């Protein structure tokens with residue numbers, strides 16, 4: 001072949017979702033080009049905005065049919081789960097289809113510790129719930145992580161169901177009736193005295209919007225920090241705080257030796273072994289860390305508003321949604337995974353009016369994504385780079401140009 | 001003997017992949033295993049690196065029995081492999097790949113590490129040019145260089161090379177073999193598995209021919225390349 005044919009770069013037409021990826025790259029590049037101080041400032045502003053979001057109740061975004069604070073809580077819970085599952089699927093490349101099992105273990109540990117068996121306060125039960133889930137992750141991982149790929153997916157799928165069915169049959173865990181009256185976390189500030197004193201340290205009014213004109217809403221206030229059945233916003237704050245901590249930890253681990261070992265194992269397990277990476281150990285670590293974060297999220301879920309969990313709270317479908325969140329967002333990129341979790345939890349609530357068509361639309365959206373952007377909305381930049389090269393090579397090979 | 005393999009048997013299920021394989025590699029030499037597809041060459045190397053379980057027999061490295069040692073312990077002892085089909089990490093850059101090669105080294109911030117990196121770049125100047133490029137986007141020859149360079153970053157005493165010439169253009173094959181010779185001269189013992197028997201025999205101090213999982217001939221590289229039956233079977237010589 002002449003040099004002219006090999007050097008021609010194939011024109012790869014970009015679809016809207018791929019353009020979104022390029023736009024995101026641009027945003028990241030511009031952010032990275034900023035001086036350190038401005039970056040810090042931007043991060044602080046963004047975090048503050050996230051905390052304030054349910055109070056601001058911005059039009060369009062706000063769900064009017066259903067309590068916006070509650071929606072934000074479940075969005076944050078999903079984003080946190082996606083962040084945990086991203087370690088397992090995105091970093092270590094282990095397809096875990098039974099993640100809801102860990103979510104359930106976290107929730108049930110909290111439920112058991114804080115109700116009629118022991119009556120522990122929530123914040124004491126939380127770390128133990130995380131630890132128990134982590135140990136569960138190791139117990140499940142030790143025998144199963146020796147199988148690879150599809151086999152692992154099937155084993156984990158079974159695990160999710162086993163947990164649910166076991167709980168359903170153990171009286172001590174409430175069986176099918178579940179555990180109710182799981183206490184809320186202790187109020188920080190003055191204890192609320194119903195019916196007139198809402199308690200807390202101080203009250204924060206919400207905003208209300210008249211078209212695009214905001215005004216203070218004195219009727220709806222959030223009491224800082226009262227965790228109760230009425231207002232989900234303090235829960236949301238609690239969860240957001242946990243998420244930020246997890247995010248910081250995630251960054252540290254990903255950039256460390258452990259993160260590189262995961263990446264090598266994901267890309268080529270045999271080659272990783274040849275480099276001296278004890279892949280089993282690192283896979284187990286990813287499994288345990290992912291499980292711990294799932295347990296953390298489950299623990300919050302158990303003590304949230306309703307204070308009620310039952311085996312029906314942890315269906316197989318939830319596992320699928322968790323995986324969907326990570327894949328949709330872009331597995332391997334923590335921001336992608338969180339975006340995926342946010343979308344999967346938020347969109348159905350926002351469009352509740354079309355509730356009958358929810359699953360249909362969700363399925364369609366997944367199909368479109370699979371066709372246009374199988375690597376997810378915001379995959380890690382290196383995945384996208386590799387895909388682009390792959391497409392170009394395919395195109396060259398299709399034209400019969402052999403490159404060597 | 002740096003490496004001693006004695007009566008090695010490895011199975012895949014009920015199928016015997018290699019049977020009673022015995023050979024040794026003297027320190028400072030180049031040894032080669034040649035043979036056709038499916039003769040058990042790759043299985044032998046994978047077993048030496050600890051990726052395959054041994055059914056019977058023993059492997060000793062520098063006098064130590066490593067028959068059942070896990071792969072990372074063998075890397076620590078000084079066995080490093082460049083796998084068949086290159087096995088670079090495609091999403092990682094060249095530098096990151098080389099860094100993975102040094103995964104178990106504790107001196108990754110030291111001058112010695114920099115020196116080793118420079119040594120790899122001296123051997124393969126192309127890698128220096130492509131330092132920040134994703135390995136998956138490089139040509140086959142470049143990936144082969146990277147795989148060898150990455151194995152060297154572990155500071156091996158014994159370098160295992162699995163078909164470094166596979167899928168490469170003749171000119172590149174020549175170049176790769178010259179570099180293997182250079183690596184050996186710098187003091188690293190090399191065990192080379194090849195289908196390209198002509199090149200391998202030319203470089204090797206000792207050679208072994210594998211046929212359906214068994215060693216059928218052993219000798220010096222020169223001896224075997226002069227042998228008529230070997231010529232007929234592996235070198236495509238005149239019949």
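Protein chains in written order, with the numbering used here: chain A, 1 to 404; chain B, 1 to 239.
The C-beta atom is built at its ideal place from N, Cα and C for all residues, glycine as well.
Computed from a prediction, not measured in an experiment: that's the story for all the values here.
- Scanning its chain for C-beta atoms nearer than 8 Å, with the 5 sequence neighbours on each side dropped, one finds around residue 134 (chain B) the residues 90, 91, 92, 93, in chain order.
- Interface with chain B (8 Å Cβ-Cβ cutoff): residue 258 (chain A) is excluded.
- Taking 8 Å as the upper bound for CB-CB distance, residue 5 (chain B) and residue 22 (chain B) are in contact here, some 6 Å apart.
- Nearest CB-CB separation between residue 12 (chain B) and chain A: not below the 8 Å threshold.
- The continuous beta strand (DSSP E) containing residue 11 (chain B) extends over residues 3 to 12.
- The way I'd put it, the stretch 252 to 268 of chain A doesn't touch the stretch 65 to 84 of chain A; fewer than three beta-carbon pairs between them come closer than 8 Å.
- One alpha carbon belongs to residue 89 (chain A), the other to residue 215 (chain B), and they sit about 43 Å apart.
- Excluding sequence positions up to five before and after residue 50 (chain B), its CB lies within less than 7 Å of the CB of 69, 70, 71, 74, all in the same chain and listed in chain order.
- Look at residue 155 (chain B) here: in three-state DSSP terms it is coil, with no helix or strand label.
- Under the Cβ criterion of 8 Å, residue 72 (chain B) is counted among the residues facing chain A.
- The straight-line gap separating the alpha-carbon atoms of residue 280 (chain A) and residue 189 (chain A) is approximately 47 Å.
- Against chain B, the beta carbon of residue 374 (chain A) has no neighbour under 8 Å; the closest one sits roughly 16 Å away.
- In the three-state reduction of the DSSP assignment, residue 274 (chain A) falls in the helix class.
- Put simply, the CB of residue 61 (chain B) is far from chain A, with every gap to its CB atoms at 8 Å or more.
- Going by C-alpha positions, residue 95 (chain B) is about 43 Å away from residue 52 (chain A).
- Under the three-state reduction of DSSP output, residue 147 (chain A) falls in the coil class, being neither helix nor strand.
- For residue 369 (chain A) and residue 340 (chain A), the gap between their C-alpha atoms comes out near 12 Å.
- Judged by their CB atoms, residue 30 (chain B) and residue 228 (chain B) are not nearer to each other than the 8 Å cut-off.
- The beta carbon of residue 20 (chain A) lies closer than 7 Å to those of 377 in the same chain, with the five residues before and after it left out.
- DSSP, reduced to helix, strand and coil, places residue 106 (chain B) outside both helices and strands of the structure shown, so it counts as coil.
- CA-to-CA, the gap between residue 59 (chain A) and residue 348 (chain A) works out to about 17 Å.
- For residue 49 (chain B), a Cβ of chain A is located within less than 8 Å of the residue's own Cβ.
- Between residue 191 (chain B) and residue 180 (chain B), the C-beta spacing is not below 8 Å.
- With a threshold of 16 other beta carbon atoms within 10 Å, residue 109 (chain A) meets it and is buried.
- Under the Cβ criterion (8 Å, minimum of three pairs), the stretch 46 to 65 of chain B does not count as touching the stretch 234 to 254 of chain A.
- Nearest CB-CB separation between residue 147 (chain A) and chain B: not below the 8 Å threshold.
- Comparing C-alpha distances from residue 155 (chain A) to each of A:61, A:165, A:297, A:144 shows the shortest one belongs to A:144.
- Residue 84 (chain B) and residue 162 (chain B) do touch by the CB rule: their CB atoms are close to 4 Å apart, below 8 Å.
- Rounded to the nearest whole angstrom, the C-alpha separation of residue 253 (chain A) and residue 209 (chain B) is 47 Å.
- In this structure, the CA atom of residue 140 (chain A) is about 16 Å from the CA atom of residue 84 (chain A).
- Around the Cβ of residue 169 (chain B), a 10 Å sphere holds fewer than 16 other Cβ atoms; the residue is exposed.
- Residue state for residue 189 (chain B) is assigned as strand, using DSSP reduced to three classes.
- For residue 48 (chain B), the secondary structure class from DSSP, reduced to helix, strand or coil, is helix.
- For residue 171 (chain A), no beta strand (DSSP E) segment is defined, and its DSSP state is neither H nor E.
- Nearest Cα to residue 86 (chain A) within the set A:311, A:355, A:250, A:382: A:250.
- Annotation: Cβ neighbours of residue 382 (chain A) in chain B (cutoff 7 Å, chain order): 91, 134.
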